[in-house]
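S.K.: FYI, the numbering for the sequence shown is 0 to 269, going by numbering that gives the first Met the number 0.
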Amino acid sequence: MFEVENVSSRVGSLVRTTKKDMLSGKYAKDIEHLLVERSALAFKEMNFTSEEQQEFARTIGEIFVVGGEEQQTISLDPSKSRNAAYTRGAFFWHIDGANDDIPAKATMLTAKILAEGADGDTMVANTFAAYEDLSDEDKELLQGLRARHALESSQRMVTPDPTYEELQRWQAYPQKSHPVVWTHKSGEKSLLIGATAYYIDGWELDKGRALLCRLQEHATKPEYVYRHKWNVGDFLLWDNTGTMHKAAAYPLDSKRLMIRTTLHGEESVA
Ligand code: OGA
Ligand code: MN
0 MFEVENVSSR VGSLVRTTKK DMLSGKYAKD IEHLLVERSA LAFKEMNFTS EEQQEFARTI
60 GEIFVVGGEE QQTISLDPSK SRNAAYTRGA FFWHIDGAND DIPAKATMLT AKILAEGADG
120 DTMVANTFAA YEDLSDEDKE LLQGLRARHA LESSQRMVTP DPTYEELQRW QAYPQKSHPV
180 VWTHKSGEKS LLIGATAYYI DGWELDKGRA LLCRLQEHAT KPEYVYRHKW NVGDFLLWDN
240 TGTMHKAAAY PLDSKRLMIR TTLHGEESVA
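The following block contains the structure:
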């Protein structure tokens, strides 16, 4: 069984299938294809165990090891996750691994514990569609422009008043200049922006930051965004190459817990 229901015209599909079919790889090619087309695929109450999630991940790509781990626990609770500060970074629109040469191909989450009360939704914005809808004038303006992606940019949002030691730690991470418009092997173009995009190379700081802000405001309009309201056991998979995503803010003392797997990028930004 493999049934697809598009939740809006530009982004997001609900897929109905079985765990057995997911793990067998029977629909792996359909999933890969649909993922790029729809940006985000939600599988309600798939109830993958950690091992099953990894097993599924291997049917559509190669697992990307993050911080020495094939699988990450996304939580703000420092006893559950080594990366609580990075988890808070997910409250802002971003692309996973945007500071890398080859950003992750896709990222997937299984919800284990939900945020208490409202929110903690995950939002995915289709940046292929957002690019496509730009005016010809804007498309021309963006040609050849590169944005500098830096960990400092996204971490400043979480820790606006860093210690010198923190700042040095962020700045020790390699930065990357990526084209603002990512031209994919398929010929399709998407916007490569988000929280890690610090400034436009060669432009006056204010002007560059204003452009990045305007592009992000455009790209995250509701028509480009799929918003997943979680139930325990839901599985969400997004194409990380033609989207931005974020977690809708939830309380900092929340027990929300997600199991995350991310896939190795297959396409350099160039
Ligand atoms: C991530 C991420 C969002 C969320 O795992 O890369 O951004 O809703 N997660 O937890
Ligand atoms: Mn992320």
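For each residue, glycine too, the CB sits at the ideal point set by N, CA and C.
Return the Cβ separation of VAL180 and TYR130 in integer angstroms, given the expectation that the two are a contact with Cβ distance under 8 Å.
M.R.: VAL180 to TYR130, Cβ: 6 Å. Contact.
S.K.: Which ranges would you report for the alpha helix (DSSP H) in the region 202 to 244 if only whole runs of at least 4 residues count?
M.R.: Qualifying alpha helix (DSSP H) stretches, in chain order: 204 to 218.
S.K.: At a cut of 8 Å, does the region 133 to 149 reach the region 190 to 199 through at least three beta carbon pairs?
M.R.: Verdict: yes, contact present.
S.K.: How many angstroms separate the CA atom of THR48 from the CA atom of LYS28?
M.R.: Answer to the nearest angstrom: the Cα atoms are 22 Å apart.
S.K.: If I follow the unbroken alpha helix (DSSP H) through LEU166, where does it start and stop?
M.R.: 163 to 170 is the span of the alpha helix (DSSP H), which, as asked, contains LEU166.
S.K.: With a threshold of 6 Å on Cβ separation, who are the neighbours of VAL14 within its own chain once the five nearest residues in sequence on each side are excluded?
M.R.: Around VAL14: VAL3, LEU40, PHE42.
S.K.: Using a strict less-than 7 Å threshold between each residue's beta carbon and the heavy atoms of the ligand MN, what residues do you get?
M.R.: That query returns the following residues: ALA89, HIS93, ASP95, THR106, HIS244.
S.K.: What are the partner residues of LEU262, as DSSP defines its beta bridges?
M.R.: LEU262 is bridged to ILE62, ALA105.
S.K.: Counting pairs of beta carbons, one from the region 228 to 243 and one from the region 119 to 138, are three or more of them closer than 8 Å?
M.R.: Counting Cβ pairs under 8 Å, three or more are found: they touch.
S.K.: Specify the secondary structure class of ILE73 as computed by DSSP and reduced to three states.
M.R.: Reduced to three states, the DSSP call for ILE73 is strand.
S.K.: In angstroms, rounded to a whole number, what distance separates the CA positions of ALA248 and TRP92?
M.R.: Distance between the alpha carbons of ALA248 and TRP92: 11 Å.
S.K.: Under a three-way DSSP split, which group does GLU44 fall into?
M.R.: GLU44 falls in the coil class under three-state DSSP.
S.K.: Flag this pair as yes or no: are the beta carbons of THR261 and ALA84 separated by less than 9 Å?
M.R.: The answer is no: Cβ separation not under 9 Å.
S.K.: Using a Cβ-based criterion (distance less than 8 Å to any ligand heavy atom), does ALA112 qualify as near the ligand OGA?
M.R.: The question names Ala, but residue 112 in the sequence shown is Ile. No, the ligand OGA has no heavy atom inside 8 Å of this Cβ.
S.K.: Ignore the nearest five residues each way along the sequence and tell me which others in GLU68's own chain have a CB closer than 8 Å to its CB.
M.R.: Closer than 8 Å at the Cβ level, and outside the excluded window around GLU68, lies no residue.
S.K.: I need the DSSP call for SER267, collapsed to helix, strand or coil.
M.R.: The answer is coil: DSSP assigns SER267 none of H, G, I, E or B.
S.K.: Quick check: is any heavy atom of the ligand OGA less than 8 Å from the C-beta of ARG259?
M.R.: Flag set: Cβ of ARG259 near the ligand OGA.
S.K.: Who are LEU256's beta bridge partners in DSSP?
M.R.: ILE112.
S.K.: GLY60: beta carbon under 8 Å from a heavy atom of the ligand OGA?
M.R.: No, Cβ of GLY60 sits at least 8 Å from all heavy atoms of the ligand OGA.
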